[in-house]
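**Q** I'd like to ask some things about the structure below.
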Amino acid sequence: MRRIISVLMENEPGALSRVVGLFSQRGYNIESLTVAPTEDATLSRLTLVTIGNDHKIEQVTKNLNKLIDVVKLVDLTEGAHIERELLLVKVRATGAQRDEVKRSVDIFRGQIVDVTSNMYTVQVAGTGEKLDAFLQALGEHTIMEVVRSGVSGIARGEKVLSI
Amino acid sequence: MELLSGGDMLVRALQDEGVDLIFGYPGGSALHIYDAIFRQKEIKHVLVRHEQGATHAADGYTRSTGKTGVVLVTSGPGATNAITGIATAYMDSIPMVVISGQVTSDKIGEDAFQETDMVGCSRPIVKHSFLVKRAEDIPEVVKKAFYIASTGRPGPVVIDVPKDVTNPADRFPYEYPEKLRMRSYTPAGKGHSGQIRKAVALLLSARRPVIYAGGGVVQGNGAELLTALAQRLNYPVTNTLMGLGAYPGSDKRFLGMLGMHGTFEANTAMHHADVILAVGARFDDRVTNTPGKFCPGAKIIHIDVDPASISKTIVADVPIVGTVQSVLGEMLEMLKSSDDEPDQSAIVDWWRQIDDWRERHGIYAAPRYRTDGEMIMPQEVIKAVYDITEGNAFVTSDVGQHQMFAAQYYLFDKPRRWINSGGLGTMGFGLPAALGVKIAHPDSEVVCVTGEGSIQMCIQELSTATQYHLPVKILCLNNQALGMVKQWQEMQYEGRLSNSVYEESLPDFVKLAEAYGHLGMKIERREELHDKLHEAFAIKDRTVFIDVYVDPSEHVYPMQVMPNGSMRDMWLSKTERT
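Protein chains in written order, with the working numbering: chain A, 82 to 244; chain B, 497 to 1074.
The structure is reproduced here in structure tokens:
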């Protein structure tokens, strides 16, 4: 099962390598990983997507908690949550294609953030599934370059991950 | 406030932490620290002959005392040489602080002379690590390092110190922090009382109980409480390799060690148990054999200080996270105030069954090795040493057949007496560990049980024993081969002895010991075994290397059947299987 685990950790050098190292050391997989400082500069928030059965995920969270740098963590997929990923894609857009691409961008509520006479750079945010669908709608032959941020997430309602 | 250089701060912080002993080896990046050590008297430094020896010596010191061991090495090869010892401590949850010199901050990342990324190299085998960026941080880093190393599930902590940080020219105000607050680290304390109550009820309902106690009981100073609990209930106890001494080895409730080379009665009792109380043990693969076939009828209570150890391989029915001391203490209190008692007739039946197993195939009921041959049997050597030392010695061990024979035949009545590398299985551990133990217990008998293979992996420490006058006994069960490797090759590879024999290349250990200034003794004939051992153990002021030629064809039994065996599936001899 796919899980989104959100981790608050000390914003210290080496902390990220300990998290990543734990995954390779124990044979857990990472689908995606994002990390950035929070509003409290001493803390970083890391979101990672992993796949595993309940037993595996329990071990993942226990071992993450064991890392000295990890302050707190939550498995967002245990409850209602919002997940977002940012996609930037360069799309070949010439002639009639320019309108076609623009229509797709509107349907997916994306934005064109850069333009030349031959291409658009499009920004779309949403769940991973939505981004997959958008890329599929564009069609492989129009895509020049894709960059995805990896998943970030937050719980719905008043539940917060903070210290 | 006093102004100190980084090097002096580091040494002062160690003093303030109560450290009086460091094992180490100097080198370029650590020289400022070494100079600070020279200029003080409180901390004694033991110069080893190889950094691996420093870590094992500190490890032996720690296992025998409970005090966090301290190691000091230089950057690059000094640091990487320490890695094996750090991994050894990590696998057995031994508190250790390893301080490594590092190249100057401005050179880090430039592939400088003797530069290695120590924090990176050691990351998977430490509980935590620090790279000190500023001298002002030293006191707090040291305080944190000792706190992290020694609390919760203990483990090694590395402090990597760039040379410029210890520069004697730069001085800073020094104050050792009294208190520590770490928001990201809260080691487990008391167990959940509701869970403990459930555990007690389950224990009392047991008809075929077994207490399975591991190294956590030794480390967590829970041996007395465990013993009280087992005696209060009159339940059988088995110890893991790491847990030997957690329950008195000579008590009648002790079933012996369990696992791959555990006794028939321990493994069989585990297999048939209806309730297993696991304390400070982690269901290691050398204990469980095939997890899917592990103790099919048992409800499992698992007490451990490390939540990640619970239900990792074997799912616990009653998990309890807490220190062994607090949880066992609470269990005993509950039992005291409870009127419930175990079903005595069931327990009597259970003991009858266990005694029958003991009688049939136990290694203690009658010798399970040859007693009428000409060759010395390794088991009888251990038994003889047990008798001579009256079971009171500190026994360190290397890794292989001799380790298993020592674990089976030297019965430890007290914790912290059996010192071996259980998790990592590090050959070369025994001698330096023995030196660490001897420094901590100068008046006690310290025996390093080893083999001619293992001893050669850290033999250079014979020189350390000379320098610091550490009279230990080195008991080499010499079978002229890598015995355990050979045993597997004979059992599973149709006797193809690939690179496990030495032919004529073994050194004359007697001469070697003498070259280092020690006594050497060779025992080859069975009839002289006891006299010569007595002679060797009568010598108290010299290191004695006792090279005993044992039957090279002997295997360690019982041995669990692998792969796909359960706990009770064992080879009992070369021809006999359960």
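Every residue gets a Cβ at the ideal spot worked out from N, C-alpha and C, and that includes glycine.
1. Does the beta carbon of ILE149/A come closer than 7 Å to any beta carbon on chain B?
2. With a threshold of 7 Å between beta carbons, is GLY108/A in contact with chain B?
3. Taking the alpha carbon of LEU510/B as the point to measure from, which residue in TYR643/B, LEU737/B and GLN715/B has its own alpha carbon closest?
4. With distance defined between alpha-carbon atoms, name the residue in MET756/B, ASP613/B, LEU729/B and HIS552/B nearest to THR576/B.
5. Curious, which full-length beta strand (DSSP E) runs of at least 3 residues does the segment 1005-1070 of chain B contain?
6. How would you call LEU993/B, buried or exposed, if buried means at least 16 neighbouring beta carbons within 10 angstroms?
7. Please return the same chain residues whose Cβ sits closer than 8 Å to the Cβ of PRO673/B, not counting the five positions on each side in sequence.
8. Determine the closest residue to PRO787/B out of LEU1068/B, MET1063/B, ASN717/B and THR1071/B, with distance taken between C-alpha atoms.
9. Of all the alpha helix (DSSP H) runs that stay within the bounds of the segment 925-1009 of chain B, which reach a length of 4 or more residues?
10. Return the first residue and the last residue of the alpha helix (DSSP H) that MET766/B is part of.
11. Give the straight-line distance between the Cα atoms of SER601/B and THR946/B, rounded to the nearest whole angstrom.
12. Give the straight-line distance between the Cα atoms of ASP1043/B and ARG1022/B, rounded to the nearest whole angstrom.
13. The beta strand (DSSP E) spanning LEU627/B covers which residue range?
14. If you measure between the beta carbons of SER560/B and SER525/B, is that distance less than 7 Å?
15. What residues in its chain sit with their C-beta under 8 Å from that of LEU722/B, if we drop five residues either side in the sequence?
16. Which class does MET830/B belong to by DSSP, given the choice of helix, strand or coil?
17. Only counting the same chain, and skipping five residues up and downstream in sequence, which positions put a Cβ closer than 7 Å to that of LEU740/B?
18. Is the Cβ of SER1103/B closer than 7 Å to any Cβ of chain A?
19. Compute the Euclidean distance between the alpha carbons of ILE655/B and ARG535/B, then round it to the nearest angstrom.
20. Give every residue of the same chain whose Cβ lies closer than 8 Å to the Cβ of VAL569/B, excluding the five residues on either side of it in the sequence, and list them in chain order.
21. Please work out which residues of its chain come closer than 6 Å, Cβ to Cβ, to CYS954/B, disregarding the five sequence neighbours upstream and downstream, and give them in chain order.
22. Tell me, to the nearest whole angstrom, how far the beta carbon of ASP780/B is from that of LYS795/B; I am working on the premise that it is less than 8 Å.
23. Identify the contact partners of ARG619/B in chain A, using a Cβ-Cβ distance below 7 Å as the criterion.
24. What did DSSP end up calling HIS898/B once you bin it into helix, strand or coil?
25. Kindly say whether LYS143/A, judged by its beta-carbon, lies nearer than 7 Å to any beta-carbon of chain B.
26. Check the Cβ of GLY95/A against every Cβ in chain B and list those closer than 9 Å, keeping chain order.
27. Given that THR152/A touches chain B, what residues does it touch there, using C-beta distances under 8 Å?
28. By DSSP's criteria, LYS153/A is part of a beta bridge. Which residues make up the other side?
29. If the cut is a Cβ gap below 9 Å, which residues of chain B does GLN140/A touch?
30. I'd like the ranges of any beta strand (DSSP E) spanning at least 3 consecutive residues and lying wholly in the segment 178-228 of chain A.
31. On the three-pair Cβ rule with 8 Å, is the segment 151-163 of chain A touching the segment 231-241 of chain A?
32. Using a Cβ-Cβ distance cut-off of 7 Å, determine whether GLU48/A contacts chain B.
33. Which stretch, first to last residue, makes up the alpha helix (DSSP H) that contains ALA724/B?
34. Using a Cβ-Cβ cut-off of less than 7 Å, list which residues of the segment 630-661 of chain B approach chain A; keep chain order.
35. Taking ASN146/A as part of the alpha helix (DSSP H), name the residues at either end of that continuous run.
36. Run the CB neighbour count on MET82/A, radius 10 Å, all protein chains shown included, and call it buried at 16 or more, exposed below.
**A** With the structure as the only source:
1. Contact of ILE149/A with chain B is assigned, a C-beta pair being separated by under 7 Å.
2. Not one chain B Cβ lies under 7 Å of GLY108/A.
3. Selected option, being the one with the closest Cα: TYR643/B.
4. Closest by alpha carbon: ASP613/B.
5. For secondary structure counted as the beta strand (DSSP E) over 3 or more consecutive residues, the segment 1005-1070 of chain B holds these complete runs in sequence order: 1015-1019 and 1040-1045.
6. In summary, LEU993/B is exposed, with fewer than 16 beta-carbon neighbours lying within 10 Å of its beta-carbon over all protein chains present.
7. Excluding residues within five positions, the ones whose Cβ falls inside 8 Å are PRO635, GLU636 and LYS639.
8. Nearest in C-alpha terms to PRO787/B, of all of LEU1068/B, MET1063/B, ASN717/B and THR1071/B, is MET1063/B.
9. As far as the segment 925-1009 of chain B is concerned, its whole alpha helix (DSSP H) runs of at least 4 residues are 926-936, 958-963 and 979-988.
10. 760-768 is the span of the alpha helix (DSSP H), which, as asked, contains MET766/B.
11. Within the model, the alpha-carbon separation for SER601/B versus THR946/B is close to 42 Å.
12. Computed Cα separation, rounded: 13 Å.
13. That run of the beta strand (DSSP E) goes 624-627.
14. Taking 7 Å as the Cβ cut-off, SER560/B and SER525/B do not qualify as a contacting pair.
15. Closer than 8 Å at Cβ, skipping near neighbours: ILE707, ALA709, VAL713, VAL733, ALA742, TYR743, VAL775, VAL820 and LEU824.
16. Helix, per DSSP.
17. These residues qualify, in order along the chain: MET753, ALA903, PHE908 and TRP914.
18. Residue 1103/B falls outside the range modelled here, since chain B spans only 497 to 1074, and no answer is possible.
19. Roughly 22 Å between the two C-alpha positions.
20. Correct list, in chain order: GLY520, TYR521, GLY523, ALA526, GLU547, ALA550, ALA575, ASN577, ALA578, VAL594, ILE595, SER596 and GLY597.
21. Excluding positions up to five away in sequence, the list reads GLY549, GLY924, LEU927 and PRO928.
22. Approximately 20 Å separates the beta-carbon atoms of ASP780/B and LYS795/B; this is outside 8 Å, ruling out the contact.
23. Result: SER98, ARG99 and GLY102.
24. HIS898/B falls in the helix class under three-state DSSP.
25. So yes, LYS143/A belongs to the interface.
26. Per Cβ cutoff of 9 Å: VAL615, GLY616, ARG619, SER625, PHE626 and LEU627.
27. Per the sequence shown, residue 152/A should be read as Val rather than Thr. Chain B residues near VAL152/A: ARG679 and SER680.
28. Beta-bridge pairing links LYS153/A to LEU89/A.
29. The contacting residues are ALA804, SER807 and LYS808.
30. 192-196 and 200-207, all fully within the segment 178-228 of chain A.
31. With a cut-off of 8 Å on Cβ pairs, the segment 151-163 of chain A is in contact with the segment 231-241 of chain A, counting three or more such pairs.
32. Because chain A here runs from 82 to 244, residue 48/A falls outside it and cannot be looked at.
33. Following the DSSP letters along the chain, one finds ALA724/B inside the alpha helix (DSSP H) bounded by residues 719-729.
34. So the close ones are ILE644.
35. Taken as a continuous stretch (DSSP letters only), the alpha helix (DSSP H) holding ASN146/A covers 135-147.
36. MET82/A is exposed by the Cβ-count criterion.
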